[in-house]
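In the UniProt record's numbering, the protein residues as written are 1 to 127.
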């Protein structure tokens, strides 16, 4: 056997295999279809009386998480493959920063709300 029959695709970390334009378009169209389906389902659930009313927020949260998964996989190409480890770690770090900022802001606002005097007492102090 010659060396030409055993050509291996040596990819650097972060590089993806080259796919044909048709394969990429099909992937984007499937992602778009799933995103549209999840969006339409969210609007349907929010505006109908066919679903048990207390379960609507939970259903919308589940559909939102599914929507994020579709976007991550089909549009941002975040997968769990060995060549995407850096992408997954960057995404996890970004989520950590967002949760720290949002959680810290809510925590600070909560403590400010508890420690501030009522508005009428505040106005009397400054009069």
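Just so you know, even glycine gets a beta-carbon here, dropped at the ideal spot from N, CA and C.
None of the values given here were measured: they were computed from a predicted structure.
Cβ-Cβ distance between residue i and residue j below 8 Å
i           : j          : result
residue 88  : residue 31 : no
residue 59  : residue 51 : yes
residue 46  : residue 61 : no
residue 183 : residue 78 : Within the shown structure, residues of the chain are numbered from 1 to 127, placing residue 183 beyond reach of any answer.
Residue i versus the options, residue with shortest Cα-Cα distance
i           : options           : result
residue 75  : 34, 120 and 49    : 34
residue 37  : 49, 67 and 56     : 67
residue 65  : 82, 54, 27 and 42 : 42
residue 156 : 63, 108 and 29    : Outside the displayed span of the chain (1 to 127) sits residue 156, for which this structure offers no information.
residue 29  : 73, 53 and 18     : 73
Cβ-based neighbour list, residue i, same chain, cut-off 6 Å, excluding 5 preceding and 5 following
i           : result
residue 117 : none
residue 80  : none
Residues of its chain near residue i, where Cβ-Cβ distance is below 7 Å and the 5 sequence neighbours each way are ignored
i          : result
residue 21 : none
residue 24 : none
residue 49 : none
residue 27 : 74
Cβ neighbours of residue i in the same chain (closer than 8 Å, five flanking residues each side left out)
i           : result
residue 125 : 117
residue 119 : none
residue 115 : none
residue 122 : 116
Legend entry - beta strand (DSSP E) runs contained entirely in the segment 52-77, provided each spans 3 or more residues: As far as the segment 52-77 is concerned, it has no whole beta strand (DSSP E) run of at least 3 residues.
Legend entry - Minimum length 4: unbroken alpha helix (DSSP H) runs contained in the segment 77-126: Counting only runs of 4 or more, we get 85-115 and 119-125.
Inset, instruction - List in chain order: all unbroken alpha helix (DSSP H) runs of 4+ residues lying wholly within the segment 17-47. - result: Listed in chain order, they are 21-46.
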